[in-house]
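**Q** Residue numbers (numbering that gives the first Met the number 0), protein chains in the order written: chain A, 0 to 347; chain B, 0 to 347; chain C, 0 to 347; chain D, 0 to 347. Beta carbons: idealized from backbone N, C-alpha and C, even for Gly. Sharing a structure below in structure tokens format, with a few things to ask.
Number of protein chains: 4
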Amino acid sequence: MISFENDYSAGAHPRILDKLKETNMEPLPGYETDHYCESAAEKIRKSCSCPEADVYFLAGGTQTNAVVISALLRSYEGVLAAETGHVNTHEAGAIEYTGHKVLTLPEHQGKLDAGELRAYMEKFYGDANHEHEVFPGMVYLSWPTEYGTLYSRKELDGIAAVCGEYNLPLYIDGARLGYGLMSGETDVTLSDLARICDVFYIGGTKVGALCGEAVVFPKGNAPKYFMTIVKQHGAMLAKGRLLGVQFDTLFTDDLYFHISRNAIEAAHRLRKILHEKKLPFYLESPTNQQFVVLKDEIYQKLQERVALSYWDKTDEAHTVVRFATSWSTTESDLKELEKILTEISETR
Amino acid sequence: MISFENDYSAGAHPRILDKLKETNMEPLPGYETDHYCESAAEKIRKSCSCPEADVYFLAGGTQTNAVVISALLRSYEGVLAAETGHVNTHEAGAIEYTGHKVLTLPEHQGKLDAGELRAYMEKFYGDANHEHEVFPGMVYLSWPTEYGTLYSRKELDGIAAVCGEYNLPLYIDGARLGYGLMSGETDVTLSDLARICDVFYIGGTKVGALCGEAVVFPKGNAPKYFMTIVKQHGAMLAKGRLLGVQFDTLFTDDLYFHISRNAIEAAHRLRKILHEKKLPFYLESPTNQQFVVLKDEIYQKLQERVALSYWDKTDEAHTVVRFATSWSTTESDLKELEKILTEISETR
Amino acid sequence: MISFENDYSAGAHPRILDKLKETNMEPLPGYETDHYCESAAEKIRKSCSCPEADVYFLAGGTQTNAVVISALLRSYEGVLAAETGHVNTHEAGAIEYTGHKVLTLPEHQGKLDAGELRAYMEKFYGDANHEHEVFPGMVYLSWPTEYGTLYSRKELDGIAAVCGEYNLPLYIDGARLGYGLMSGETDVTLSDLARICDVFYIGGTKVGALCGEAVVFPKGNAPKYFMTIVKQHGAMLAKGRLLGVQFDTLFTDDLYFHISRNAIEAAHRLRKILHEKKLPFYLESPTNQQFVVLKDEIYQKLQERVALSYWDKTDEAHTVVRFATSWSTTESDLKELEKILTEISETR
Amino acid sequence: MISFENDYSAGAHPRILDKLKETNMEPLPGYETDHYCESAAEKIRKSCSCPEADVYFLAGGTQTNAVVISALLRSYEGVLAAETGHVNTHEAGAIEYTGHKVLTLPEHQGKLDAGELRAYMEKFYGDANHEHEVFPGMVYLSWPTEYGTLYSRKELDGIAAVCGEYNLPLYIDGARLGYGLMSGETDVTLSDLARICDVFYIGGTKVGALCGEAVVFPKGNAPKYFMTIVKQHGAMLAKGRLLGVQFDTLFTDDLYFHISRNAIEAAHRLRKILHEKKLPFYLESPTNQQFVVLKDEIYQKLQERVALSYWDKTDEAHTVVRFATSWSTTESDLKELEKILTEISETR
């Protein structure tokens with residue numbers, strides 16, 4: 000069965016597996032002190048135009064969010080996020096487990112608004128009783144968002160400006176970073192992100208790795224003893240090589256960007272197909288996730304032949320579903336989808 | 000340079016990499032719901048003679064300890080462990096980070112003593128003020144221990160009996176489980192372990208996997224919503240296949256046991272070499288870790304040609320070092336070590 | 000200066016101080032094991048018609064909420080509360096500090112709606128991915144609410160019914176319980192509350208005590224070793240007598256109810272005065288808190304002569320303020336307020 | 000029955016109750032912003048010769064320890080304490096509940112040794128793997144200790160010197176501070192303590208208050224937003240006046256010191272009586288706690304007429320018990336004890 004279920008249903012890009020095999024018997028020190036980790040970090044520094052950056056590798060996104068956020072906040076602070084932010088919805092309370100509140104702001108197709116952020120901060124410090132409340136201690140946003148949407152450079156700069164005024168570190172969750180960077184509809188580069196925020200991560204799990212996210216503190220501004228914090232969270236792999244080799248491969252010859260582009264090109268084709276089939280969009284994104292509203296009978300038939308994601312119900316008879324392309328989506332997957340949609344529409 | 004530094008300096012057993020490659024492009028559902036995870040779990044159930052067991056896969060040992068221990072304890076309880084227990088010493092406070100105290104008992108070559116455990120429990124409940132103290136809520140032991148030593152079946156039964164009396168779940172950390180099971184000097188089988196304890200884990204990271212530990216609740220006694228707890232700890236991999244495929248491979252054709260035996264055979268040869276070279280043992284273990292005391296000048300020379308682990312200082316001029324064999328140690332590594340030791344002893 | 004700032008600006012009811020003095024030199028065992036605590040508990044059991052109730056005394060409201068909520072929830076669960084619930088807004092993240100998310104529902108003058116609660120639960124369990132989300136594990140509501148409003152018996156029964164269906168403990172924050180019970184506009188009795196919920200607390204701090212809240216588990220259903228949990232939170236007073244004597248006094252000769260009635264009668268007079276002065280109500284409550292909207296110039300003048308509480312801004316030129324009466328409000332306070340309001344309105 | 004059970008079995012010094020009564024109806028702002036708190040803080044600053052000190056009031060000792068320690072430590076740090084330190088033994092895991100390990104050092108009659116502390120720190124930083132361990136982040140000691148013993152000024156200076164070298168804040172638990180300061184056998188003054196450490200608390204609960212401890216950051220070095228941290232721990236009383244009035248009274252006309260002296264004089268008499276009765280001391284302290292070893296039959300008889308504390312068993316037939324004097328011990332209590340001991344010894 001073809002799959003548009005998500006961007007992590009296949010394994011890893013074949014070059015990663017080849018490299019793991021090639022380096023397999025080389026004895027290496029543990030805990031990310033090996034030379035593949037160092038090489039990967041150096042390549043990432045170059046890609047970000049941040050020669051001073053501190054780079055660390057963690058295994059997964061929720062883990063990364065919990066480690067970074069708890070490392071940056073003081074005990075009485077919480078993290079500001081959009082209501083739909085991954086940290087607020089789909090991480091089983093991982094942030095609260097570290098003792099911190101997720102403070103929510105309205106979302107606009109998954110995005111925060113700089114004006115609303117400023118208003119929140121003004122209201123907070125304007126309240127005579129604010130010392131009885133959770134202090135907003137940092138801002139979390141995802142780029143692309145959980146809806147596949149993208150902040151423009153101007154929007155990011157606007158948020159960063161408010162963060163600067165209030166001394167709030169800005170953290171960007173880049174679980175699908177590659178798909179944002181390769182979107183034809185963005186004016187944001189990796190260097191822009193590194194310049195704008197205080198810490199971000201480059202997603203591997205959803206962009207061709209077996210697992211792994213690269214955390215970047217662009218100004219060499221990692222919290223002291225960050226690796227001990229990682230260890231304390233149970234987030235440190237003994238065989239750091241698994242992460243080092245993967246990111247070293249992804250950042251060799253721009254592989255990360257090439258495979259991300261594949262997802263974007265596939266998403267363009269997908270959008271075209273969905274439009275041609277006249278499936279109404281719930282949200283049409285500039286990246287690899289597309290949301291359409293299906294009649295439940297169509298949804299049911301489709302599910303038998305295509306793996307896709309349930310998103311929400313709009314009413315008794317309709318369901319929002321997500322189609323995701325990825326680095327591994329093929330032309331043949333798309334053709335097959337087109338054929339299936341045609342067949343289903345004919346039998347309606 | 001040859002390495003006896005630890006048992007995680009090489010990558011993975013080649014069959015694992017082959018299987019990862021072979022299954023790579025198969026689209027699979029995430030979060031350990033794929034059929035490789037199920038197949039691996041089923042093979043583990045068979046190996047343990049526990050058809051009812053709940054089996055989960057986590058990425059690393061510290062993570063597994065923190066998740067399992069915090070899932071089993073009530074807030075006012077702590078975990079009993081030997082002073083040298085990994086949870087007490089080398090996990091950067093991961094257990095305390097979850098809010099629980101590690102309550103320590105004396106260690107005997109890394110092992111707990113059932114009598115001392117009972118005495119602890121009697122004293123605790125005998126103290127009129129015990130409701131102001133941390134309640135002992137479970138027992139943690141490692142098998143093999145951090146020193147490579149092994150509890151006999153009788154010793155484990157003795158500890159389990161005290162646990163039974165006081166209703167303390169018994170948890171066995173099996174980071175190096177294979178090396179214990181394949182030791183010629185044990186009377187404990189995998190089925191014994193599954194019968195004796197309430198939960199244990201089968202270490203993958205140190206026994207041939209890239210990463211991964213299999214947590215087994217032998218009586219189908221996993222805490223409710225255990226996967227949500229795993230997620231909350233940031234310990235759930237999106238691509239559960241990475242763990243499923245690895246453990247499925249390790250438990251196919253007894254690979255886990257065969258490669259563990261290799262480490263034990265290599266350890267035998269190693270012990271023989273160390274004895275022949277008259278290096279005094281600090282602790283000679285029945286598994287893959289051997290501890291010897293070196294004059295510091297020897298240590299220095301050796302370090303230049305062999306990777307090994309610093310353990311402790313015994314006095315100003317001597318150092319305890321650890322030699323570890325593993326599934327990947329070769330006859331040629333051992334010969335090279337022998338040669339190096341001979342050369343160094345001749346130049347003394 | 001007269002004060003309508005809150006209901007904890009005076010000390011304690013004089014009978015409490017007398018009793019503290021009278022019992023002062025009696026040597027008593029610590030940690031709430033003294034006979035005053037037992038006597039107070041017994042009187043509370045009688046008042047609640049709950050002979051089996053477990054009763055504990057804690058020092059303050061935020062503390063009580065954090066202890067009770069964390070004691071009832073499993074690690075992967077959060078507490079459902081109205082957006083305006085005290086636990087969500089004014090406790091500096093005390094709940095999150097214990098590792099749990101506050102899951103919010105819409106508020107209607109500070110109240111939850113049973114239908115919205117059911118809808119939330121249905122949506123949660125209807126979501127295929129709910130195991131990646133925080134499980135709703137209990138319901139928190141305050142009676143009276145933070146706005147002084149009261150759930151009717153029918154409303155409470157409705158919420159309790161949903162709780163029953165989903166096995167959610169229902170917890171009632173009674174920081175101002177007396178003021179609710181003595182309101183002429185309620186059909187809820189203390190016995191009703193004890194019947195309807197799983198745990199509640201009877202507020203002392205805001206109803207005549209120096210400090211102290213009595214936690215009641217009406218069905219003898221306190222979590223095991225609750226006092227150890229209290230101790231672990233740093234919430235156990237060595238001199239439990241301080242709480243025991245106070246609650247013993249408050250529940251002797253219905254003092255708690257008599258002094259609560261005083262606040263309600265004073266609130267009636269207050270409402271009348273505010274109406275006469277034509278100050279527009281933001282929210283007119285059936286208990287001791289009244290919210291009016293003031294032009295900022297009036298607010299400024301008033302502040303110089305009457306202590307009251309800032310609540311919110313409605314626009315550039317208007318402020319919501321709270322007037323609170325209490326057990327200690329006197330007729331002379333009210334007359335003085337009336338006079339001041341008259342004078343201010345004349346100078347407008 | 001007379002009581003030597005502890006130093007918190009009576010209520011409060013009568014002057015405290017008088018002052019509470021006198022100030023009772025004065026309307027005051029909440030949360031320690033009232034003028035009694037400020038006056039008390041100012042008097043404490045004077046007593047400590049620390050005009051810059053930050054002073055806060057909390058309700059109890061375990062609470063104070065948990066709040067101060069968690070406020071000072073980074074997430075990856077633990078607190079160093081003697082094995083017998085209150086934070087390690089009798090606080091139900093309150094420190095671990097905040098996520099931090101208590102790192103233990105040997106105790107010598109309850110005291111830490113500066114040399115052992117330095118050795119610990121050297122070993123820690125000398126260990127190549129220390130980034131996998133809990134970082135020692137501060138030092139906790141109690142003065143007097145849990146055994147009533149006292150560090151000399153030289154001993155404290157020695158510990159503070161090591162703390163200074165390693166940048167470890169030094170925290171002194173002064174639950175029984177007055178009894179130490181008034182001991183004839185100390186060369187340490189309140190100003191010395193304030194000079195030597197980074198933070199300490201002046202115990203009220205055990206020295207004449209109903210509840211309350213005054214936390215002093217002598218160099219004005221309180222962590223930012225300390226009151227929010229206090230609130231987050233549920234440790235802030237709405238009626239801060241309860242603590243302010245008590246400490247204001249205790250530090251007016253040296254009441255705190257006068258009543259502490261009473262306990263010390265009573266302890267002298269007690270020691271004399273115990274010596275005369277030839278009861279063997281387990282530990283004879285220079286403060287208000289005395290430990291003797293009793294034959295169990297004597298212990299049993301004594302218990303019927305005198306309240307005292309069980310401490311430990313030395314063997315099958317003997318028990319260590321603690322006699323504590325306090326600010327409230329009277330000459331008549333001592334005479335009665337003498338009489339009882341005489342009668343019991345005669346009937347042997």
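For V229 (chain C), which residues in chain A fall below 8 Å Cβ to Cβ?
**A** In chain order: nothing, as chain A lies at least about 19 Å away.
**Q** Using the three-state DSSP reduction, which class does S190 (chain D) fall into: helix, strand or coil?
**A** Of the three classes helix, strand and coil, the one that applies to S190 (chain D) here is helix, per DSSP.
**Q** So what does G173 (chain D) bridge to, in DSSP terms?
**A** Paired residues: D:I201.
**Q** Could you say which of B:C210, B:E337, B:E76, B:E283 lies nearest to Q245 (chain B) if we only look at CA atoms?
**A** Taking only the C-alpha atoms, the option nearest Q245 (chain B) is B:C210.
**Q** Is M235 (chain A) helix, strand or coil when you go by DSSP?
**A** Looking at M235 (chain A) - three-state DSSP - the assignment turns out to be coil, as it is neither helix nor strand.
**Q** Among C:T103, C:A193, C:V229, which one has its Cα closest to the Cα of H131 (chain B)?
**A** If we check each option's Cα against that of H131 (chain B), C:V229 comes out closest.
**Q** Determine the burial state of A127 (chain B): buried for a count of at least 16 other Cβ atoms within 10 Å of its Cβ, exposed for fewer.
**A** So A127 (chain B) counts as exposed.
**Q** Does D33 (chain C) come out as helix, strand or coil in the three-state DSSP assignment?
**A** In this structure, D33 (chain C) counts as coil in the three-state DSSP scheme.
**Q** Between the stretch 204-221 of chain B and the stretch 173-181 of chain B, can you find at least three pairs of beta-carbon atoms closer than 8 Å?
**A** Contact holds: three or more Cβ-Cβ distances are below 8 Å.
**Q** Which chain A residues sit within Cβ distance under 9 Å of F56 (chain D)?
**A** None at all; the shortest Cβ gap to chain A is about 16 Å.
**Q** Rounded to a whole number of angstroms, what is the C-alpha to C-alpha distance between D191 (chain B) and L57 (chain C)?
**A** C-alpha separation (whole angstroms): 48 Å.
**Q** List, in chain order, every chain D residue whose beta-carbon is nearer than 8 Å to that of C36 (chain C).
**A** In chain order: nothing, as chain D lies at least about 14 Å away.
**Q** Distance, Cα to Cα, R372 (chain C) vs I68 (chain C)?
**A** The first residue shown for chain C is 0 and the last is 347, placing residue 372 (chain C) beyond what the model contains.
**Q** Comparing alpha-carbon positions, which option in C:L180, C:A113, C:A118 lies nearest L169 (chain C)?
**A** The shortest C-alpha separation from L169 (chain C) is found at C:A113.
**Q** Helix, strand or coil for A80 (chain A)? Go by DSSP, reduced to three states.
**A** Strand at A80 (chain A).
**Q** Is M226 (chain D) close to chain A? Criterion is C-beta to C-beta, closer than 8 Å.
**A** So yes, M226 (chain D) belongs to the interface.
**Q** For the stretch 321-340 of chain B, enumerate the residues whose C-beta is nearer than 8 Å to any C-beta of chain A, in chain order.
**A** So the list reads S327, given in the order they occur along the chain.
**Q** Could you pull the start and end residues of the beta strand (DSSP E) that K294 (chain A) belongs to?
**A** Counting along the chain, the beta strand (DSSP E) containing K294 (chain A) begins and ends at 288-294.
**Q** Name the residue from D:G92, D:Q108, D:G10 whose alpha carbon lies nearest to the alpha carbon of G239 (chain C).
**A** Comparing Cα-Cα distances from G239 (chain C) to each of D:G92, D:Q108, D:G10, the minimum goes to D:G10.
**Q** Determine, using beta carbons only, whether G92 (chain A) and Q231 (chain B) come nearer to each other than 8 Å.
**A** Against a cut-off of 8 Å, the Cβ pair of Q231 (chain B) and G92 (chain A) comes out as a contact.
**Q** Would you kindly report the start and end of the unbroken beta strand (DSSP E) that includes R260 (chain A)?
**A** R260 (chain A) -> not in any beta strand (DSSP E); alpha helix (DSSP H) instead, spanning 254-275.
**Q** I'd like the list of long-range same chain contacts for T313 (chain B), defined as Cβ closer than 7 Å, with 5 residues on each side in sequence excluded.
**A** Taken in chain order, the residues that qualify are V292, V319.
**Q** Over what stretch of residues does the alpha helix (DSSP H) that includes T318 (chain D) continue unbroken?
**A** First-last for T318 (chain D): 317-323, but that is the beta strand (DSSP E), not the alpha helix (DSSP H).
**Q** Anything in chain A within Cβ reach of Y75 (chain D), meaning under 7 Å, just list it in chain order.
**A** Those are Y224, T227, I228, Q231, listed as they occur along chain A.
**Q** Using a threshold of 8 Å, state whether the C-beta atoms of S182 (chain A) and T286 (chain A) are closer than that.
**A** In contact: S182 (chain A) and T286 (chain A) (Cβ atoms closer than 8 Å).
**Q** Does the distance from the C-beta atom of V54 (chain B) to that of V215 (chain B) stay below 8 Å?
**A** In contact: V54 (chain B) and V215 (chain B) (Cβ atoms closer than 8 Å).
**Q** Residues of chain A with CB under 7 Å from L209 (chain B), in chain order?
**A** Residues of chain A passing the Cβ test: K238, L241.
**Q** What residues from the stretch 110-134 of chain D come within 9 Å of chain B, judged by C-beta to C-beta, listed N to C?
**A** Within the stretch 110-134 of chain D, the residues whose Cβ lies closer than 9 Å to some Cβ of chain B are K122, G125, D126, A127, N128, E130, H131, E132, V133, F134, listed in chain order.
**Q** In angstroms with no decimal places, state the Cα-to-Cα distance between R270 (chain B) and S2 (chain B).
**A** Going by the C-alpha atoms only, they are around 16 Å apart.
**Q** Taking Cβ positions only, does S69 (chain A) come closer than 8 Å to chain E?
**A** In the displayed structure, chain E is absent; the protein chains listed are A, B, C and D.
**Q** Flag this pair as yes or no: are the beta carbons of P222 (chain A) and L71 (chain A) separated by less than 8 Å?
**A** In contact: P222 (chain A) and L71 (chain A) (Cβ atoms closer than 8 Å).
**Q** For N220 (chain A) and G98 (chain D), I'd like the C-alpha separation in whole angstroms.
**A** The alpha-carbon atoms of N220 (chain A) and G98 (chain D) are separated by roughly 24 Å.
**Q** DSSP three-state label for G243 (chain A), please.
**A** In this structure, G243 (chain A) counts as helix in the three-state DSSP scheme.
**Q** By the 10 Å Cβ neighbour count, where 16 or more other Cβ atoms means buried, how is S344 (chain A) classified, buried or exposed?
**A** Counting Cβ neighbours within 10 Å, S344 (chain A) comes out exposed, since fewer than 16 surround it.
**Q** Would you verify that the beta carbon of S141 (chain D) is, or is not, closer than 8 Å to some beta carbon of chain C?
**A** For S141 (chain D), the answer is no, since every Cβ of chain C falls outside 8 Å of its Cβ.
**Q** Compare the C-alpha of E275 (chain D) against each of D:T341, D:T22, D:Y139 and name the closest.
**A** Per the Cα distances, D:T341.
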